[in-house]
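Below is one structure, written out as structure tokens; the observations come after it.
2 protein chains.
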Amino acid sequence: MTESLNRIGQQAAVAAQALAQLSTKTKNQVLRAMADALEEKTPDILAANKEDLADTIDLEDKFIDRLTLTANRLAGIADGVRQVANLPDPLGNIDRGWATGSGLEISQKRVPLGVVGIIYEARPNVTIDSAALCFKSGNAIILRGGKEALQTNIKIAAVIRAVLAAFKLPQDAVQVITETSHELAQQFMQLNQYIDVLIPRGSARLIQTVVQNATVPVIETGAGNCHIYVDETADLQVAEDIIINAKTQRPSVCNATEKLLVNAEIATDFLPKIAKALANSHVEIRGDEQTCQILGDQVHPAQPEDWNTEYNNYIIAIKVVHTLDEAISHINQYNTKHSEAIITTNYEHSQQFTQQIDAACVYVNASTRFTDGFEFGFGAEIGISTQKLHARGPMGLKELTTTKYVILGQGQIRK
Amino acid sequence: MTESLNRIGQQAAVAAQALAQLSTKTKNQVLRAMADALEEKTPDILAANKEDLADTIDLEDKFIDRLTLTANRLAGIADGVRQVANLPDPLGNIDRGWATGSGLEISQKRVPLGVVGIIYEARPNVTIDSAALCFKSGNAIILRGGKEALQTNIKIAAVIRAVLAAFKLPQDAVQVITETSHELAQQFMQLNQYIDVLIPRGSARLIQTVVQNATVPVIETGAGNCHIYVDETADLQVAEDIIINAKTQRPSVCNATEKLLVNAEIATDFLPKIAKALANSHVEIRGDEQTCQILGDQVHPAQPEDWNTEYNNYIIAIKVVHTLDEAISHINQYNTKHSEAIITTNYEHSQQFTQQIDAACVYVNASTRFTDGFEFGFGAEIGISTQKLHARGPMGLKELTTTKYVILGQGQIRK
């Protein structure tokens with residue numbers, strides 16, 4: 001363990017104890033001051049961002065786009081911080097409470113996780129969003145972002161830390177790891193003594209690296225091999241609208257649909273219709289044997305690995321299934337437990353699908369694109385959990401807390 | 001990955017899908033039948049247990065005691081299974097539900113975790129308790145117990161599996177790993193494809209091995225370096241009763257108290273009194289400098305490592321502190337986030353202690369020994385979580401579940 005990482009962890013743990021005791025009112029004042037400071041310091045942050053951008057060569061446009069800040073984007077992110085200030089504070093809520101036979105009064109109370117670690121790619125907006133969400137939920141945060149955004153992240157953290165200092169709060173509530181080696185990232189994932197939870201945000205590869213190497217408890221986020229099943233009773237226009245939305249509104253994100261299952265009874269009718277709509281949206285179709293038979297030359301045959309693949313692109317694979325059972329069993333075999341939808345007008349089918357599909361979010365007659373903290377009404381999100389431990393689905397402020405049992409007695413001893 | 005472990009995982013995943021759909025009524029019938037079968041097959045189970053015991057040499061009495069089954073103990077464990085049948089089923093409960101601006105109806109519904117892995121020592125009661133709790137909460141279980149109990153565990157699983165078969169339910173809902181090598185244990189901890197959660201139960205060493213090596217999400221259980229702080233306003237008789245109970249009622253368990261902090265104002269009065277009571281209960285005292293000054297020869301000086309040590313034995317370390325702040329800061333530095341208590345008659349002190357101590361359970365004027373699923377009223381427990389993710393404190397049936405969002409729409413697409 002390097003000296004410096006250990007110190008960062010220790011500082012975060014000390015800061016976390018102070019954060020846990022702050023009033024909601026103070027936290028909201030500080031968040032609004034942070035938003036103002038980020039806007040005031042826009043020229044400095046953009047200058048740091050320019051430095052980072054000057055160092056990036058040979059990178060994809062998509063990557064550059066995510067790394068780039070503008071005054072407009074920064075204003076939008078600062079507004080997000082103000083929105084976090086406006087959200088209800090989950091801390092102090094009592095989830096449940098009861099008295100035991102021996103007269104103990106037990107309350108299960110919401111408290112912060114403590115120290116949250118975030119490992120992410122070169123997206124400076126994540127730095128600000130995560131810091132704001134963790135601060136509001138009473139957690140200290142340690143940020144380890146992509147090295148391509150390092151100067152931007154350092155500058156953003158400096159702005160936020162200056163606000164904390166102005167409020168006489170511990171600056172180490174928000175810390176950025178500035179050493180970008182893989183060795184240090186590895187040690188960060190094993191800093192059990194100080195980090196309570198580690199959240200990786202980014203590509204499937206990044207997330208898998210964290211899951212494989214971390215000894216700190218991890219919340220796995222993200223990968224989405226999402227399906228839509230069109231039942232034989234579906235309203236085909238509803239199906240088409242939802243499929244086009246779920247596939248094309250933003251194909252690069254995890255809640256975009258990647259696979260379409262169509263009941264054989266309606267396949268001859270529906271497939272040409274949806275193929276035409278997909279073609280109009282420039283979506284490439286990969287079909288199973290029956291789909292290829294029906295659609296002919298306009299589709300590529302799907303390979304076995306297609307059913308496992310999250311394209312994050314203008315591609316969809318289509319399979320004809322003969323029963324709802326077959327659809328459910330295919331989805332439960334290949335999905336990443338993210339978001340799955342059925343399009344149907346049959347009540348029993350909707351019930352069977354929602355009961356038997358194993359996923360964070362199961363939809364009837366709606367687009368998988370709704371799996372999102374904002375759309376769910378959480379105001380903001382720190383990621384979408386695809387594991388079953390702690391949190392499942394979009395994670396907002398509540399998911400950044402844990403509970404503590406407070407037990408009030410009158411001298412009880414155990415018999 | 002060995003062939004056989006992979007097959008066990010796959011079988012568990014298939015069984016889990018069927019278990020998730022069972023009615024509470026069916027599950028309770030099956031649990032009662034399991035309890036009956038365990039009693040009927042007592043001679044077979046005791047014979048297998050005798051085989052295991054015959055193979056154990058050079059082991060501590062405590063170890064042999066935990067491994068040994070008798071007809072009486074088995075009847076008690078079977079009764080525990082009947083109690084699990086009587087507990088409310090957490091599945092299907094809606095934690096919360098709401099409608100979004102776009103008219104989606106979202107419900108957050110309790111569902112099983114899926115496949116639970118348990119790694120534990122040579123304690124056959126854990127085999128039955130865990131199988132019953134996982135079955136009731138709709139989870140398939142894979143059991144990897146200590147090799148010294150292997151024959152007993154195989155026989156118990158056979159009895160339970162025969163009951164499942166009689167009810168035409170998948171026997172692979174309960175599986176025992178029969179290969180006891182460390183390599184296989186290692187692979188078991190990394191069976192991410194099939195296991196949703198891994199729960200280690202046993203010594204601090206076992207738990208650390210799992211935390212360090214698992215890639216599957218783990219719920220860390222157990223270690224308890226628990227403290228009692230006696231405030232200057234405490235009722236000293238209440239303090240004495242609670243300390244003696246918390247230290248001596250069952251010193252080998254994680255919720256037993258290991259450390260005593262005493263406010264300096266009452267130290268001269270209270271320490272001789274409590275030292276006498278502890279001596280009567282054959283408890284060795286290790287004191288900090290001031291405690292040694294007050295108590296003289298009857299105490300050993302505490303070494304720095306004492307403050308970190310969970311003795312699980314008739315030993316206690318005592319430290320004199322000058323303020324509540326000092327007590328809180330000592331506890332937050334050295335505790336294992338398990339159970340901590342203050343003995344006080346002062347309202348503000350009770351508030352400050354429960355708010356600032358970072359632990360799963362924080363007590364005012366009660367023994368730390370109450371941190372227990374039965375005492376909490378959960379009916380049974382699968383362990384006590386000392387981590388902050390997912391569950392914290394005693395874990396009952398609810399903690400063996402996760403949630404799924406069911407979203408009902410009328411054709412909504414995302415704008």
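Heads up: the protein sequence lines correspond to chains A and R, in order. Numbering follows UniProt numbering, in which position 247 of the first sequence is assigned residue number 247; successive positions increment by one, without gaps. Numbering follows UniProt numbering, in which position 361 of the second sequence is assigned residue number 361; successive positions increment by one, without gaps. Glycine included, every Cβ here is placed at the ideal spot set by N, Cα and C.
- Leaving aside the five residues that flank Gln171(A) on each side, the residues in its chain whose CB is nearer than 7 Å to its CB run, in chain order, Arg161, Leu164 and Ala165.
- Rounded to whole angstroms, the separation of the alpha carbons of Ala15(A) and Ile195(A) is 12 Å.
- For the stretch 80-99 of chain A, the beta-carbon criterion of a distance under 8 Å to any beta-carbon of chain R is satisfied by Trp98.
- Sequence-distant partners of Asn225(R) (beyond 5 residues in either direction) whose C-beta falls short of 6 Å from its own C-beta, in its chain, are Glu258, Glu310, Asn335 and Thr336.
- At least 8 Å separates the CB of Leu74(R) from every CB of chain A.
- Per DSSP, the unbroken alpha helix (DSSP H) holding Val163(A) starts and ends at Leu150 to Ala166.
- Non-local beta-carbon contacts of Asp269(R) in its own chain, meaning distances under 8 Å to residues more than five positions away in sequence, involve Leu236 in chain order.
- Within the stretch 20-99 of chain R, complete alpha helix (DSSP H) segments of at least 4 residues are found at 24-40, 42-55, 61-67 and 71-86, given in chain order.
- One Cα belongs to Gln290(A), the other to Thr344(A), and the distance between them is close to 21 Å.
- Ile118(R) and Leu389(A) have their C-alpha atoms spaced approximately 15 Å apart.
- A residue is called buried once 16 or more other Cβ atoms fall within 10 Å of its Cβ, and Ala99(A), having fewer, is exposed.
- With a cutoff of 8 Å on beta-carbon distance, Gln108(A) and Arg96(A) are scored as near each other.
- Shown here, Asn213(R) sits in a helix according to DSSP, grouped into three states.
- Under the Cβ distance rule, Tyr347(R) does not count among the residues neighbouring chain A, no pair being separated by less than 8 Å.
- When only Cα atoms are considered, Gln190(A) and Asn213(R) end up about 11 Å apart.
- Three or more beta-carbon pairs separated by less than 8 Å are not found between the stretch 382-398 of chain A and the stretch 144-160 of chain R, which leaves the two stretches without contact.
- Classified as exposed, Asn280(A) has fewer than 16 neighbouring CB atoms from the shown chains inside 10 Å of its CB.
- For Glu220(R), the closest alpha carbon among the candidates Phe376(R), Glu240(R), Asn245(R) and Cys254(R) is that of Cys254(R).
- In terms of CA proximity to Asn192(A), Gln10(A) leads the group Gln10(A), Phe376(A) and Thr402(A).
- Nearest to Ala366(A) by alpha-carbon distance, out of Gly409(R), Ala256(R), Ala35(R) and Gly393(R), is Gly409(R).
- Of the residues assessed, Asp358(A) falls on the buried side of the cut-off, its CB having 16 or more other CB atoms within 10 angstroms.
- DSSP links Leu400(A) through a beta bridge to no other residue.
- Counting only the Cα atoms, Asn313(A) lies some 13 Å from Arg286(A).
- For Asp231(A), no chain R residue has a Cβ inside 8 Å of its Cβ, as the nearest lies near 14 Å away.
- For Gln249(A), at least one C-beta of chain R is nearer than 8 Å to its own C-beta.
- Short of 8 Å from the beta carbon of Ile64(A), and not among the five residues preceding or following it, lie these beta carbons of its own chain, in chain order: Leu53 and Thr56.
- Interface flag for Tyr363(R) against chain A is set, since a Cβ pair is found closer than 8 Å.
- Under the criterion of beta carbons closer than 8 Å, Arg110(R) and Asn93(R) qualify as touching, at roughly 4 Å.
- Residue nearest to Ile199(A) within the set Arg205(A), Ala185(A), Pro217(A) and His182(A) is Pro217(A) (criterion: CA-CA distance).
- With contacts defined by Cβ atoms closer than 8 Å, Ala131(R) and Ile142(R) do not form a contacting pair.
- Neighbours of Thr402(R) in chain A, taken as residues at a C-beta separation under 8 Å, are given in chain order as Lys388, Leu389 and Arg392.
- When the Cα atoms are used, Val116(R) and Lys147(A) turn out to be separated by approximately 38 Å.
- Going by beta carbons, Asp241(R) and Ile413(A) fall inside the 8 Å limit.
- Distance from the CA of Ser4(A) to the CA of Val174(A), rounded to the nearest whole angstrom, comes to 15 Å.
- In the structure shown, Leu261(A) falls within a strand segment according to DSSP collapsed to helix, strand and coil.
- Put simply, the backbone Cα of Ala360(R) is about 26 Å away from that of Val283(R).
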